[in-house]
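Below: the structure, in structure tokens.
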Amino acid sequence: MPPSGSHLIRTALRRGLRKRCPHCGEGRLFSGWKHIDRCSVCGLVFVRNPGDTWAFTIIGDRVPVGAIIVLIYFGVARSHPQLGLSMVIVLAALGIWTTPNRWGVGIALHYLSRVYWPDPADPIPPPCATLAGDAER
Ligand SMILES: [Zn+2]
28 MPPSGSHLIR
38 TALRRGLRKR
48 CPHCGEGRLF
58 SGWKHIDRCS
68 VCGLVFVRNP
78 GDTWAFTIIG
88 DRVPVGAIIV
98 LIYFGVARSH
108 PQLGLSMVIV
118 LAALGIWTTP
128 NRWGVGIALH
138 YLSRVYWPDP
148 ADPIPPPCAT
158 LAGDAER
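Residue numbers (this note's numbering): 28 to 164.
Okay, structure coming up:
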């Protein structure tokens, strides 16, 4: 069984948001804009099969972006077109800037699904010391 549920979830999501390995919190998820295959510290394979994080990326990335565009279009852009256009440009820049962080959360969600529904063929490294303790905040 995985260690205390809510702590594990918060820790993994925070690490994903920081673009770090959700398992150990040390290894990097990305090299530039390209995600790395496995953690250089604990050896966790981030995406076991191509497309494994597809659903998490849709939920964490595409749906919020689509909702924001719809809210701006039907909210502000109809009454104040220039303000609406400015908001779209600012949010697009913010969206592009935070893309690796959101992808990291998607990888962390995928990791959590592997922890909670383990597959014997899926090698998750043994627990790391940083996950068991409260070494990081
Ligand atoms: Zn790691």
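Cβ coordinates follow ideal geometry from the N, Cα and C atoms, glycine included. The structure presented is a predicted model; accordingly, all values stated were derived computationally and were not measured.
Query: Between V90 and ligand 1, is the CB less than 7 Å from at least one heavy atom?; Result: no
Query: Hey, is the stretch 93 to 107 in contact with the stretch 32 to 46, meaning 3+ C-beta pairs nearer than 8 Å?; Result: no
Query: Going along the chain, which residues put their C-beta within less than 6 Å of some heavy atom in ligand 1?; Result: C48, H50, C51, E53, G54, C66, V68, C69 and L71
Query: Between L139 and I36, is the Cβ-Cβ spacing less than 8 Å?; Result: yes
Query: Starting from H137 and walking both ways along the alpha helix (DSSP H), at which residues does that stretch end?; Result: T126 to Y143
Query: Can you tell which of N128, Y100, P153 and L118 has the C-alpha that lies nearest to the C-alpha of R8?; Result: The structure shown does not extend to residue 8, since the chain spans only 28 to 164, so no value can be given for it.
Query: Helix or strand or just coil, what does DSSP make of R45?; Result: coil
Query: According to DSSP, which residues form a beta bridge with S58?; Result: K61
Query: Can you tell me which of K61, G59 and E53 puts its alpha carbon nearest to the alpha carbon of L71?; Result: E53
Query: Taking DSSP as the reference, what is the three-state secondary structure of V72?; Result: strand
Query: Quick check on DSSP: helix, strand or coil for G52?; Result: coil
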